[in-house]
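Positions 668 to 978 (our numbering) are the ones given, in order, by the sequence shown.
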Amino acid sequence: MRILSGIQPSGVLHIGNYFGMMKPAIALQAEGEALYFIADYHALTSVRDPDALRENCRRVAVDFLACGLDPERATLFRHSDVPQVTELAWILSTVAPMGLLERAHSYKDKLARGLSATVGLFSYPVLMAADILIYDSDVVPVGKDQKQHMEMTRDGQIFKLPEARIQPATETVPGIDGQKMSKSYGNNIDIFGDEKEMRRRVMSIVTDSTPVEAPKDPAKSTIFKLYSLVASKNENAAMREQFLKGGTGYGDFKKQLFDKLWEYFAPMRKRREEILADKSYIDSVLKKGASRANEIAEQVMKRVREAVGLR
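Laid out in structure tokens, this is it:
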């Protein structure tokens, strides 16, 4: 089974990235041949600073490896190191219906949030389809908001048709304002932020005005939802009981959440320092990953070029 997933280097990675994409991807390493790419082509729709893009790409690689990606079991590479993907995206764009792209939820949502209506943003699903199809992917872990893009790939005769795998428990990780956590919304808690900044972000989580002594609903609490991602079953049960019983304020719950987050990512912070100490390690991992990804992509493109008459 070939597994494919990608992550955008559009900024510092946060815990929404980790629980929504990275942790499931790392777990899937044991299930088949995993290919994970750093989607720098996609990031061009929002990142305009070339130095920032280069730095973001390296940081994503470092953070992914620190969080548990094993380059002996999974292929990690930069999107732009596989030029065949843009060739396939152009070929797909010659047959992609305009109406289908106009109905893309992601495109309409980004416009509503103030992004400029560029051709790249509009045709984002075409490039995503090329990402998936060019590696003969079997399984693609995606968030619920990307399911529509996955459905767009499931049409055609010369490609393997992939299956989406959505992680129900973590499909949407809430940010400090209760919306989906996103760097673009400014509601993120970074994985490897410093201790003072992580504490500040956690303590700024939006809550309601329920008094300290009153019972509180854990199901509606961003604090409890985030705590559930990093705490044990018994710890979750204990916090749930505190919520329902009353007598504990949101400030105390936030402190418990910060302590658990800081503890959870401690081994990964240590591994990250080790990776950064070896200056050549990241380059060697990405070079090896690009070689493997190109090998697969070229095999698929030979099939595509012949099918459309380019060879």
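Think of the CB as a built atom: it goes at the ideal place given N, C-alpha and C, for glycine as much as any other residue. Quick caveat: nothing in here was measured; it's all calculated off a predicted structure.
Just to confirm before moving on: does the CB-CB distance between residue i and residue j stay below 8 Å?
{"i": "His709", "j": "His681", "result": "no"}
{"i": "Gly787", "j": "Leu711", "result": "yes"}
{"i": "Met865", "j": "Asp857", "result": "yes"}
{"i": "Leu695", "j": "Arg669", "result": "no"}
{"i": "Val975", "j": "Ile758", "result": "yes"}
{"i": "Lys946", "j": "Pro738", "result": "no"}
{"i": "Val840", "j": "Gly678", "result": "no"}
{"i": "Ile843", "j": "Arg868", "result": "yes"}
{"i": "Ser790", "j": "Leu768", "result": "yes"}
{"i": "Gly683", "j": "Ser895", "result": "no"}
{"i": "Ile942", "j": "Val762", "result": "no"}
{"i": "Arg970", "j": "Ile825", "result": "yes"}
{"i": "Thr742", "j": "Ala960", "result": "yes"}
{"i": "Phe910", "j": "Lys883", "result": "yes"}
{"i": "Gly913", "j": "Ala881", "result": "yes"}
{"i": "Phe744", "j": "Ala886", "result": "no"}
{"i": "Leu732", "j": "Val952", "result": "yes"}
Terminal residues of the continuous alpha helix (DSSP H) containing residue i?
{"i": "Arg959", "result": "948–975"}
{"i": "Ser773", "result": "772–779"}
{"i": "Ser672", "result": "Unbroken run through Ser672 is the beta strand (DSSP E), 669–674; no alpha helix (DSSP H)."}
{"i": "Arg936", "result": "933–944"}
{"i": "Ile693", "result": "690–695"}
{"i": "Ile872", "result": "No alpha helix (DSSP H) holds Ile872; DSSP gives it neither H nor E."}
{"i": "Arg978", "result": "That residue, Arg978, is in no alpha helix (DSSP H); it is neither H nor E in DSSP."}
{"i": "Ala905", "result": "900–912"}
{"i": "Ala756", "result": "751–760"}
{"i": "Glu769", "result": "765–769"}
Got a sec? Which residues, its chain only, sit under 8 Å from residue i by beta carbon, not counting five neighbours each side?
{"i": "Leu782", "result": "Thr712, Ser713, Leu788"}
{"i": "Pro676", "result": "Ile705, Ala706, Asp707, Ala710, Val714, Leu720, Asn723, Cys724, Arg726, Val727"}
{"i": "Leu928", "result": "Ile682, Ile856, Met865, Val869, Leu893, Val897"}
{"i": "Gln846", "result": "Tyr852, Asn854"}
{"i": "Met817", "result": "Low confidence applies here, because Met817 scores a pLDDT of 49, under 50, leaving its location unreliable; read the following figure in that light. Result list for Met817: Ile799, Val807, Val809, Pro829, Ala831, in chain order."}
{"i": "Ala931", "result": "Per the sequence shown, residue 931 should be read as Tyr rather than Ala. Once the five neighbours on either side are set aside, the close Cβ partners of Tyr931 are Val897."}
{"i": "Ile949", "result": "Arg725, Ala728, Val729, Leu732, Ile942"}
{"i": "Tyr685", "result": "Cys734, Ile858"}
{"i": "Ala944", "result": "none"}
If residue i and residue j are in contact, beta carbons under 8 Å, what's the gap, nearest whole angstrom?
{"i": "Gly673", "j": "Phe704", "result": "5 Å"}
{"i": "Val752", "j": "Ala797", "result": "5 Å"}
{"i": "Pro792", "j": "Ala771", "result": "5 Å"}
Apart from the five residues on each side of it in sequence, which residues of its chain come closer than 6 Å, Cβ to Cβ, to residue i?
{"i": "Thr874", "result": "Tyr917"}
{"i": "Lys827", "result": "Asp803"}
{"i": "Asn903", "result": "Ser895"}
State the start and end residues of the unbroken beta strand (DSSP E) segment that holds residue i.
{"i": "Arg808", "result": "Reading off the sequence shown, one finds Pro at residue 808, where the question assumed Arg. Counting along the chain, the beta strand (DSSP E) containing Pro808 begins and ends at 806–808."}
{"i": "Leu800", "result": "Unbroken run through Leu800 is the alpha helix (DSSP H), 791–800; no beta strand (DSSP E)."}
{"i": "Ile858", "result": "Unbroken run through Ile858: none, as it is neither H nor E."}
{"i": "Arg745", "result": "741–745"}
{"i": "Arg721", "result": "Taken as a continuous stretch (DSSP letters only), Arg721 belongs to no beta strand (DSSP E), being part of the alpha helix (DSSP H) at 717–733."}
{"i": "Leu702", "result": "700–705"}
What does a CB cutoff of less than 7 Å around residue i pick up in its chain, not counting 5 residues either side in sequence?
{"i": "Val806", "result": "Met668, Ile670, Pro829, Glu830, Arg832"}
{"i": "Lys922", "result": "none"}
{"i": "Leu977", "result": "none"}
{"i": "Ser760", "result": "Ser790, Val793"}
Consider the Cβ of residue i: report whether some Cβ of chain C lies at a distance smaller than 8 Å.
{"i": "Gly766", "result": "Included in the structure is just one protein chain, with no chain C present."}
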